[in-house]
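Residue numbers (this note's numbering): 2 to 200.
Okay, so here's the structure we're looking at.
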């Protein structure tokens, strides 16, 4: 299971303020969640700011699509194709081949939740997808307590992405008794979608 520790000490100091703005340690306030600028700043440190901004603008009710490439049906097809490639190209022991099949079975309902704008469900599904994907990429290391630190040692952006993945699980726990603004959930979800689409 991806580490979902509420502590932000795992994030390199130069990125902590941005990470804390995206995932406040006490959960989101009742009126919503992070300002869109916090999500854009986090996307920026992951190296996906331009694509992320275009995707948000294309899905905004107040602005026309920027580019058909970023319209949700087209973007989700591209995301799913890239995710399928990542899964298929990942080498695993024969005994672990079932992980690939399980993960691929989780993708269609996850995509459907996004298309139906059920962002709370989509984030919960995405958390499970990321857990399976982490196992395919890193094996048993992904279940260890120091997994996030391990990924930071490999690459800072990768470490930030897997830290983000752990925070999604925490987000579900901290806000299970109160609703979160769907636009906030969408902003958080789309960070991961853009990152994996460009992986």
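A virtual CB, placed ideally from N, CA and C, is assigned to each residue, including glycine.
Keep in mind it's a predicted model, so treat the numbers as computed, not measured.
Own chain residues within Cβ distance below 8 Å of residue 150, not counting five before or after = 11, 160, listed in sequence order.
What residue does the alpha helix (DSSP H) around residue 199 start on, and which one ends it?
-> Looking at the DSSP string, residue 199 is not in any alpha helix (DSSP H), and its letter there is neither H nor E.
Note the first and the last residue of the continuous alpha helix (DSSP H) segment covering residue 54.
-> Residue 54 -> alpha helix (DSSP H) spans 50-60.
Meets three-Cβ-pair contact criterion under 8 Å: the segment 130-141 and the segment 84-93 | Result yes; three or more Cβ-Cβ pairs closer than 8 Å.
Could you give the distance in angstroms between the alpha-carbon of residue 128 and the alpha-carbon of residue 167?
-> Answer to the nearest angstrom: the Cα atoms are 8 Å apart.
If residue 47 sits next to residue 192, beta carbons under 8 Å apart, how far is it from one beta carbon to the other, in whole angstroms?
-> Contact between residue 47 and residue 192 holds, since their C-beta atoms are separated by about 7 Å, short of 8 Å.
Write down every uninterrupted run of the alpha helix (DSSP H) in the segment 97-145 whose length is 4 residues or greater and which is fully enclosed by it, in chain order.
-> Listed in chain order, the complete alpha helix (DSSP H) runs (minimum 4 residues) inside the segment 97-145 are 98-116, 120-139.
Inter-stretch contact at 8 Å, needing at least 3 Cβ pairs: the segment 114-127 / the segment 137-146 | Judged by Cβ distances under 8 Å, the segment 114-127 makes no contact with the segment 137-146, as fewer than three pairs qualify.
Kindly list the residues whose CB is nearer than 6 Å to the CB of residue 169, restricted to its own chain and excluding five residues on each side of it in sequence; keep chain order.
-> Around residue 169, the same chain offers 124, 128 as residues with beta carbons nearer than 6 Å, after the five sequence neighbours per side are excluded.
What span of residues does the alpha helix (DSSP H) with residue 94 cover, start to end?
-> Counting along the chain, no alpha helix (DSSP H) covers residue 94, and no H or E run does either.
Quick one: measure Cβ to Cβ for residue 73 and residue 188, integer angstroms, because I've assumed they're closer than 8 Å.
-> 14 Å between Cβ atoms; not a contact.
My guess is that residue 42 and residue 19 are in contact by the Cβ rule of under 8 Å, so how many angstroms apart are they, rounded?
-> Yes, they are in contact, since the Cβ atoms of residue 42 and residue 19 sit about 5 Å apart, within 8 Å.
Just checking my contact of residue 115 with residue 81 at CB under 8 Å: how many whole Å lie between their CB atoms?
-> With a Cβ gap of about 10 Å, residue 115 and residue 81 do not count as contacting.
Determine the DSSP secondary structure at residue 1, reduced to helix, strand or coil.
-> In the structure displayed, the chain extends from 2 to 200; residue 1 sits before or after that span and is not available.
Confirm, please, whether the CB-CB distance from residue 120 to residue 162 is below 7 Å.
-> Taking a C-beta distance under 7 Å as the contact criterion, residue 162 and residue 120 do not qualify as a contact pair.
Could you tell me whether the Cβ atoms of residue 79 and residue 157 are closer together than 7 Å?
-> No.
Contacting residues, own chain, Cβ-Cβ under 7 Å from residue 16 (five flanking each side not counted) | 46, 161, listed in sequence order.
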